[in-house]
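Protein chains in written order, with UniProt numbering: chain U, 1 to 224; chain L, 1 to 224.
Number of protein chains: 2
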Amino acid sequence: MIHAASLIHDDMPCMDDDALRRGRPSNHVAFGEPTALLAGDALLALAFEHVARGCAAAGVPADRALRAVMELGRAAGTGGVTAGQVADMEGEGDPSVGLAALEYIHAHKTARLVEAAAVSGAVVRGAGDAEAERVRRYAHFLGLLLQVVDDVLDVTATSEQLGKTAGKDAAAGKATYPWLLGLDGARAYAGELLAKAEAELDGFDAARAAPLRQLARFMAHRQH
Amino acid sequence: MIHAASLIHDDMPCMDDDALRRGRPSNHVAFGEPTALLAGDALLALAFEHVARGCAAAGVPADRALRAVMELGRAAGTGGVTAGQVADMEGEGDPSVGLAALEYIHAHKTARLVEAAAVSGAVVRGAGDAEAERVRRYAHFLGLLLQVVDDVLDVTATSEQLGKTAGKDAAAGKATYPWLLGLDGARAYAGELLAKAEAELDGFDAARAAPLRQLARFMAHRQH
Numbered sequence: 001m002i003h004a005a006s007l008i009h010d011d012m013p014c015m016d017d018d019a020l021r022r023g024r025p026s027n028h029v030a031f032g033e034p035t036a037l038l039a040g041d042a043l044l045a046l047a048f049e050h051v052a053r054g055c056a057a058a059g060v061p062a063d064r065a066l067r068a069v070m071e072l073g074r075a076a077g078t079g080g081v082t083a084g085q086v087a088d089m090e091g092e093g094d095p096s097v098g099l100a101a102l103e104y105i106h107a108h109k110t111a112r113l114v115e116a117a118a119v120s121g122a123v124v125r126g127a128g129d130a131e132a133e134r135v136r137r138y139a140h141f142l143g144l145l146l147q148v149v150d151d152v153l154d155v156t157a158t159s160e161q162l163g164k165t166a167g168k169d170a171a172a173g174k175a176t177y178p179w180l181l182g183l184d185g186a187r188a189y190a191g192e193l194l195a196k197a198e199a200e201l202d203g204f205d206a207a208r209a210a211p212l213r214q215l216a217r218f219m220a221h222r223q224h
Numbered sequence: 001m002i003h004a005a006s007l008i009h010d011d012m013p014c015m016d017d018d019a020l021r022r023g024r025p026s027n028h029v030a031f032g033e034p035t036a037l038l039a040g041d042a043l044l045a046l047a048f049e050h051v052a053r054g055c056a057a058a059g060v061p062a063d064r065a066l067r068a069v070m071e072l073g074r075a076a077g078t079g080g081v082t083a084g085q086v087a088d089m090e091g092e093g094d095p096s097v098g099l100a101a102l103e104y105i106h107a108h109k110t111a112r113l114v115e116a117a118a119v120s121g122a123v124v125r126g127a128g129d130a131e132a133e134r135v136r137r138y139a140h141f142l143g144l145l146l147q148v149v150d151d152v153l154d155v156t157a158t159s160e161q162l163g164k165t166a167g168k169d170a171a172a173g174k175a176t177y178p179w180l181l182g183l184d185g186a187r188a189y190a191g192e193l194l195a196k197a198e199a200e201l202d203g204f205d206a207a208r209a210a211p212l213r214q215l216a217r218f219m220a221h222r223q224h
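If you want it as structure tokens, here you go:
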């Protein structure tokens, strides 16, 4: 819900002004700007209500549920998505933005929310601090990987394959990983992030960690 | 924070398009639309993080804190503010909206959030269900009172007194309490709501309930 809210708001005319999302008209194109604005707000609020209500209904101890709320709140706000979007906006049209600034943007805008989802899931299931931090590092690399592959696909895939407007970053003069590292360099970096994410899983039981390993590999090799 | 977020988003060009708020340029006028959109999102997320973190730091039992998160999440989203704003938007420019529809709008857009704040405060301090529901009814009448007085002042006060654009509802062809009940009728209704709010407080210790009584009276008699 938090991710969907950020996409709906991100597509609005005053932000990225994108008419296409997941192969369909974006929210404000289909339902108008006021509805898109309110839908994003409603999804944000609903996300927190859902965690609190869902945890209570499932008998999750309240202190764990509360940690999930904190984690998600921080990731959705100034400690994550919003911070990344502000930095992204400020760097817009400035391809001279360096690798450090680009990493800041994606670590906050994307990876932080993936971390929060993973850590919340772990904490709710009773993970200790050390385990939760290992899950966080895995999710951090996974989140950056997601973005590097996104940047590569923005160059190499079609709008039809992506379900959103391709080639948009280059047209907007945005700094991207292929822009800063070259296409081969970006692909090599994706491989490096995949290896780092997988390495964090080595400490867990192999069979139970298998789905997380598959998720990371899927993220690295997806074509859309 | 939830209230501020809703005001920031409400003032944006695609919503009420209001350039003045609390006597100063509204957020998007001062900082631009993208920042206003993100500031509202960040405040929404921060609100939930704040409740979770603040309660944990203050030693509030986690199950009470979680109930506050649920209450606020529901009030900020489709169970409250957002539902009211959608209904408000649909009624815009249609002064034939009846009293029932107007009550729906304000019960959700305004009163529901006042209720959530009051009930959260009560629950966090250990109120039982019956007490919390009495606090909710008090806050419900208080929230409607706030709106009726707002509508009256929109007609009778100046922009300078209000710190926001006066006469805006009439100009927008919005249904308001003075429109539906007349100015005297709206004032009489405000008096009725004040009496109902105060009546809910009769069940509480008089000295401890005094601030809530004063708050209701202030809300009824304020000039700005």
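Just so you know, even glycine gets a beta-carbon here, dropped at the ideal spot from N, CA and C. Values in this document were obtained by computation on a predicted structure and should not be read as measured data.
Provide the residue span of the alpha helix (DSSP H) that contains residue i, from first to last.
i: SER120(L); result: 112-124
i: PHE204(U); result: It is not in any alpha helix (DSSP H) - PHE204(U) carries neither H nor E in the DSSP assignment.
i: GLY91(L); result: 81-91
i: ASP18(L); result: Here ASP18(L) belongs to no alpha helix (DSSP H), and DSSP marks it neither H nor E.
i: ARG143(U); result: Arg is not the amino acid found at residue 143(U); the sequence shown has Gly there. 129-156 is the extent of the alpha helix (DSSP H) around GLY143(U).
i: SER159(U); result: 159-162
i: VAL29(U); result: 27-31
i: ASP94(L); result: From DSSP, ASP94(L) is part of no alpha helix (DSSP H); its letter is neither H nor E.
i: ALA101(L); result: 99-106
i: ASP11(U); result: That residue, ASP11(U), is in no alpha helix (DSSP H); it is neither H nor E in DSSP.
i: LYS168(L); result: 168-171
Compare the C-alpha of residue i against each of the options and name the closest.
i: PRO25(U); options: GLY173(U), TYR177(U), SER159(U); result: SER159(U)
i: ALA132(L); options: GLY143(L), ALA118(L), ALA111(L), GLY98(L); result: ALA118(L)
i: LYS174(L); options: VAL135(L), ALA52(L), HIS224(L), GLU92(L); result: GLU92(L)
i: HIS140(U); options: PHE218(U), GLY54(U), LEU99(U), LYS196(U); result: LYS196(U)
i: ARG137(U); options: ARG208(U), ALA199(U), GLY126(U); result: ALA199(U)
i: MET12(U); options: ALA172(U), ALA206(U), ASN27(U); result: ASN27(U)
i: ARG208(U); options: ALA122(U), GLU90(U), ALA171(U), ARG53(U); result: ALA122(U)
i: LYS116(L); options: LEU66(L), ALA210(L), ALA100(L), ALA36(L); result: Looking at the sequence itself, residue 116(L) is Ala, so the reference to Lys does not match. Checked all of LEU66(L), ALA210(L), ALA100(L), ALA36(L); the closest Cα to ALA116(L) is LEU66(L).
i: ALA166(L); options: ALA52(L), ARG217(L), HIS224(L), LEU180(L); result: HIS224(L)
i: GLY203(L); options: LEU183(L), ARG222(L), ALA130(L); result: ALA130(L)
i: ALA171(L); options: ASP17(L), HIS3(L), ALA4(L); result: ASP17(L)
Could you give the C-beta distance for residue i and residue j, rounded to a whole number, given that I count them as a contact under 8 Å?
i: ASP63(L); j: ALA62(U); result: 4 Å
i: ASP69(L); j: SER6(L); result: Per the sequence presented here, residue 69(L) reads as Val, with Asp not at that position. 18 Å between Cβ atoms; not a contact.
i: ARG22(U); j: GLY185(U); result: Wrong, their Cβ atoms sit about 29 Å apart, outside the cutoff.
i: ASP151(L); j: LYS168(L); result: In fact, because the Cβ distance is near 11 Å, the residues do not count as touching under 8 Å.
i: MET1(U); j: HIS9(U); result: Not confirmed; about 13 Å, so no contact.
i: LEU194(L); j: ALA220(L); result: 4 Å
i: VAL60(L); j: VAL114(L); result: Contact doesn't hold; Cβ gap of about 21 Å is too wide.
i: LEU212(U); j: LEU201(U); result: 6 Å
i: LEU38(L); j: VAL86(U); result: 6 Å
i: GLY143(L); j: THR110(L); result: 5 Å
i: LEU183(L); j: LEU102(L); result: At roughly 16 Å, the Cβ-Cβ gap does not stay under 8 Å, so LEU183(L) and LEU102(L) are not in contact.
Item to complete: Enumerate, from N- to C-terminal direction, the unbroken alpha helix (DSSP H) stretches of 4 or more residues contained entirely within the segment 34-71 of chain U.
Response: The segment 34-71 of chain U contains no complete alpha helix (DSSP H) run of 4 or more residues.
Discussion item. For the segment 59-74 of chain U against the segment 44-51 of chain L, do three or more pairs of beta-carbon atoms, one drawn from each stretch, fall closer than 8 Å, so that the two count as touching?
Written reply: By the criterion of at least three beta-carbon pairs nearer than 8 Å, the segment 59-74 of chain U is in contact with the segment 44-51 of chain L.
Worksheet item: Three or more C-beta pairs closer than 8 Å, one from the segment 144-155 of chain U and one from the segment 97-111 of chain U: is that the case here?
Response: The answer is yes - the segment 97-111 of chain U touches the segment 144-155 of chain U, with three or more Cβ pairs under 8 Å.
Discussion item. Counting beta carbon pairs with one atom in the segment 180-191 of chain U and one in the segment 25-36 of chain L, are three or more of them shorter than 8 Å?
Written reply: Too few Cβ pairs lie closer than 8 Å, so no.
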